[in-house]
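Trainee:
Chains as they are written, first to last, in this note's numbering: chain A, 1 to 311; chain B, 1001 to 1311.
Spelled out as structure tokens, the structure:
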């Protein structure tokens, strides 16, 4: 066990170490009482690189010094709680509130190191799942002091999350980032685009892609326009990737039914994706607010607080 | 020039050699006066394998003996007429009739070897193109003696073609086959499916995929269900690829606006894809008729007949 030097049990006064352990990366942070990161580290040791049984050692490498120093509580969110991860933290069905996830942590060491469970949502008998986003959503709500919101979490698998009265009511997954990468790098469409490299977004081509996605009614149909516009010299090679990005994000916007008309739209993403989604959502008439990676730390901090309050 | 031994010019009585020259394959046939293939050959010498200037030599390899034997007319359809092909045969804008393509062949050797032009169609200022399918569509119409039809040509890039009063009115391209292959072989979805191999279609899983595609309203959203159903043990690994095929073909069906209510739906495809599309179209309440690869030869034969009639 990695936490051998971390002192006696009990939440009050314990320092918090936040761990955001995803498929392809590992981020750790020392988190203060206001939920802000005092110090952050990240590595490429996502769960896909970790063999069963080696999770404690990898975490120790990442922040064993912090754990040895302080009498710490370690809270982990993300894919570390999946079947292929450290310890499986079973999905909690929606609707699920903040208290539900705080009370159903999967403890690696009881009271000292716990993994936040993901959520499941069903539509017409088909399940959907998320892991890690629940923590980001509750963190963003706390940061913005919102109880109702439509949270948009762009990425390889984008999530649209509907929050009502502080509870996650339901959500849906779009394979936006993964499909974009496949079309950009492995399909015929990439052939008429500039080679991948430092891709600066061409806002005009991006918005033209969004418009086309909305009109076409299916990405399967709209996608081919990236090729034909180029064949007819209507789309320069340098703008091709921006247009395709607009097509794919536009398709996500076209087909989501999650935006609550009366609720705030909150985008939770790093700067590059936040810029694209903010542009897209404004183009579609919405007024999004953006929150960055601090949402995870704020969410884990709120869970720690809940543990202290109910201890 | 490859046709040096093929005798004097003039269409009447000339034997017809049909060439279906696509991106990844080359098919040639000796075609009789009824438009049927007497003898067929195929090779992997699609245009992507042929260097500029080497098209005559590659064709000579494929059927030089036929060309030397007979006083032949050689008609070529497919990507050989593209900018990357033998000689560019510019796209003819829709609506376009059979006579339009017959009178605008790109002659490699005038009166002896010609390439059939492709068609272009515009929707909301966005161009779409096809090459080779025009010949298949006119061939299928001749075979079935139809003047109005919705022709469906499944493949890497599926085409839905609307034919009214014997003319191709417009068409639309879906990247169905390419997106299926990307999701099957390069995305996370493949991980919960049986390794690719001899894939026997699971009709039930295929139709479940179609149903889900219709409900979801976007493949970007529906696709993730192939993963979550598997995570929840609701989709066995051996049925995953069939379900995904249903999702993708179902998306094509959901979003096409080309089926003329009063017109016949004609599927032009080889046996494996024809079976899937027939199943999908029947599931969606249509009564398709199917035509196979002979459509190309019948189409080229009809063009040859038109040349004879107008000579």
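Cβ atoms here follow ideal geometry from the backbone N, Cα and C, with glycine treated the same way.
From what residue to what residue does the alpha helix (DSSP H) around residue 1125 of chain B run?
Mentor: No alpha helix (DSSP H) holds residue 1125 of chain B; DSSP gives it neither H nor E.
Trainee: Closer than 9 Å, CB to CB, is residue 1251 of chain B near chain A or not?
Mentor: It does: the Cβ of residue 1251 of chain B has a partner Cβ on chain A nearer than 9 Å.
Trainee: Determine the DSSP secondary structure at residue 169 of chain A, reduced to helix, strand or coil.
Mentor: Strand.
Trainee: In this structure, how does DSSP classify residue 301 of chain A when only helix, strand and coil are distinguished?
Mentor: Three-state DSSP puts residue 301 of chain A in a helix.
Trainee: Put residue 1056 of chain B into one of helix, strand or coil per three-state DSSP.
Mentor: Of the three classes helix, strand and coil, the one that applies to residue 1056 of chain B here is helix, per DSSP.
Trainee: Please decide whether residue 1223 of chain B counts as near chain A, where near means a Cβ-Cβ distance under 9 Å.
Mentor: Yes, residue 1223 of chain B lies at the interface with chain A (some Cβ there is under 9 Å from its Cβ).
Trainee: From which residue to which residue does the beta strand (DSSP E) around residue 264 of chain A run?
Mentor: Per DSSP, residue 264 of chain A belongs to the beta strand (DSSP E) from 264 to 268.
Trainee: Strictly below 9 Å CB to CB, what residues from chain B border residue 159 of chain A?
Mentor: By Cβ distance, chain B contributes nothing, its closest Cβ being about 10 Å from residue 159 of chain A, past 9 Å.
Trainee: Put residue 288 of chain A into one of helix, strand or coil per three-state DSSP.
Mentor: Residue 288 of chain A falls in the coil class under three-state DSSP.
Trainee: Would you say residue 1079 of chain B and residue 1101 of chain B are within 9 Å of each other, going by their C-beta atoms?
Mentor: No, the pair does not count as a contact, with Cβ atoms beyond the cut-off.
Trainee: With a threshold of 9 Å between beta carbons, is residue 232 of chain A in contact with chain B?
Mentor: By this cut-off, residue 232 of chain A is an interface position.
Trainee: From the DSSP secondary-structure annotation, give me the bridge partner or partners of residue 1016 of chain B.
Mentor: Its beta-bridge partners are B:1031, B:1073.
Trainee: Would you call residue 1221 of chain B buried or exposed, if buried means 16 or more other Cβ atoms sit within 10 Å of its Cβ?
Mentor: By the neighbour-count rule (16 or more Cβ atoms within 10 Å), residue 1221 of chain B is buried.
Trainee: With 8 Å as the C-beta to C-beta threshold (strictly closer), list the residues of the region 198 to 228 of chain A near chain B in chain order.
Mentor: Listed by position, the residues of the region 198 to 228 of chain A near chain B (Cβ gap below 8 Å) are 212, 215, 216, 217, 218, 219, 220, 221, 223, 224, 225, 228.
Trainee: With a threshold of 9 Å between beta-carbons, can residue 1024 of chain B be considered close to chain A, or not?
Mentor: It does not: the Cβ of residue 1024 of chain B has no partner Cβ on chain A nearer than 9 Å.
Trainee: Please work out which residues of its chain come closer than 6 Å, Cβ to Cβ, to residue 154 of chain A, disregarding the five sequence neighbours upstream and downstream, and give them in chain order.
Mentor: Within the same chain, residue 154 of chain A has close Cβ partners 269, 273, 277.
Trainee: List the DSSP bridge partners of residue 1150 of chain B.
Mentor: Residue 1150 of chain B is bridged to B:1162, B:1265.
Trainee: Excluding five sequence neighbours on each side, which residues of the same chain lie with their C-beta closer than 8 Å to the C-beta of residue 1289 of chain B?
Mentor: The residues are 1144, 1264, 1265, 1266, 1267.
Trainee: Taking 9 Å as the cut-off, decide whether the C-beta atoms of residue 1179 of chain B and residue 183 of chain A are in contact.
Mentor: Yes, Cβ-Cβ distance for residue 1179 of chain B and residue 183 of chain A is below 9 Å.
Trainee: Under 6 Å Cβ to Cβ from residue 1019 of chain B, same chain only, skipping five residues before and after it: list those, please.
Mentor: For residue 1019 of chain B, where only same-chain residues beyond five positions count, the Cβ hits under 6 Å are 1028, 1076.
Trainee: Starting from the beta carbon of residue 1244 of chain B, find every residue of chain A whose beta carbon is closer than 8 Å, and list them in chain order.
Mentor: Near residue 1244 of chain B there are no residues of chain A at all, since even the closest Cβ is about 12 Å away, more than 8 Å.
Trainee: Can you list, in chain order, the residues of its chain whose CB lies under 7 Å from that of residue 1229 of chain B, leaving out five sequence neighbours each side?
Mentor: Excluding residues within five positions, the ones whose Cβ falls inside 7 Å are 1235.
Trainee: Can you look up residue 66 of chain A in the DSSP assignment and give me helix, strand or coil?
Mentor: Reduced to three states, the DSSP call for residue 66 of chain A is helix.
Trainee: For the beta strand (DSSP E) that contains residue 38 of chain A, what are its first and last residues?
Mentor: Per DSSP, residue 38 of chain A belongs to the beta strand (DSSP E) from 37 to 43.
Trainee: Does residue 175 of chain A have its Cβ less than 9 Å from a Cβ in chain B?
Mentor: Judged by the 9 Å Cβ criterion, residue 175 of chain A is in contact with chain B.
Trainee: Exposed or buried, residue 1185 of chain B, counting other C-beta atoms within 10 Å across all chains shown (16 or more means buried)?
Mentor: Burial call: exposed.
Trainee: On the criterion of 16 or more Cβ atoms from any shown chain inside 10 Å, does residue 1051 of chain B qualify as buried, or is it exposed?
Mentor: With fewer than 16 Cβ atoms within 10 Å of its Cβ, residue 1051 of chain B is classed as exposed.
Trainee: Tell me, which residues are paired with residue 1092 of chain B by DSSP?
Mentor: B:1119, per the DSSP bridge assignment.
Trainee: Taking all protein chains shown into account, decide if residue 287 of chain A is buried (16 or more other Cβ within 10 angstroms of its Cβ) or exposed.
Mentor: Looking at its Cβ environment, which holds fewer than 16 other Cβ atoms inside 10 Å, residue 287 of chain A is exposed.
Trainee: Whole angstroms is fine: what's the gap from residue 1218 of chain B's alpha carbon to residue 223 of chain A's?
Mentor: Looking at the two C-alpha atoms, the distance is approximately 13 Å.
Trainee: For residue 9 of chain A, which residues from the same chain have a beta carbon less than 6 Å from its beta carbon, with the 5 sequence-adjacent residues on both sides left out?
Mentor: Below a pLDDT of 50, predicted positions are generally treated as unreliable, and residue 9 of chain A, at 44, falls in that range; the measurement from the model is reported next regardless. Counting only Cβ-Cβ distances below 6 Å, and skipping sequence neighbours, we find 111.
Trainee: Just list the beta strand (DSSP E) runs in the region 1203 to 1280 of chain B, keeping only unbroken ones of 3 residues or longer that don't cross its boundaries, in chain order.
Mentor: Runs found: 1264 to 1268.
Trainee: Tell me, to the nearest whole angstrom, how far the beta carbon of residue 297 of chain A is from that of residue 96 of chain A; I am working on the premise that it is less than 8 Å.
Mentor: That belief does not hold up - the Cβ atoms of residue 297 of chain A and residue 96 of chain A are roughly 21 Å apart, past 8 Å.
Trainee: Counting only C-beta atoms, is residue 1188 of chain B closer than 9 Å to chain A at any point?
Mentor: With 9 Å as the cut-off, residue 1188 of chain B counts as an interface residue toward chain A.
Trainee: Comparing C-alpha positions only, which one of A:261, A:250, A:299, A:202 sits nearest to residue 283 of chain A?
Mentor: Comparing Cα-Cα distances from residue 283 of chain A to each of A:261, A:250, A:299, A:202, the minimum goes to A:250.
Trainee: State the beta-bridge partners of residue 1026 of chain B as determined by DSSP.
Mentor: Answer is B:1021, B:1043, bridged to residue 1026 of chain B.
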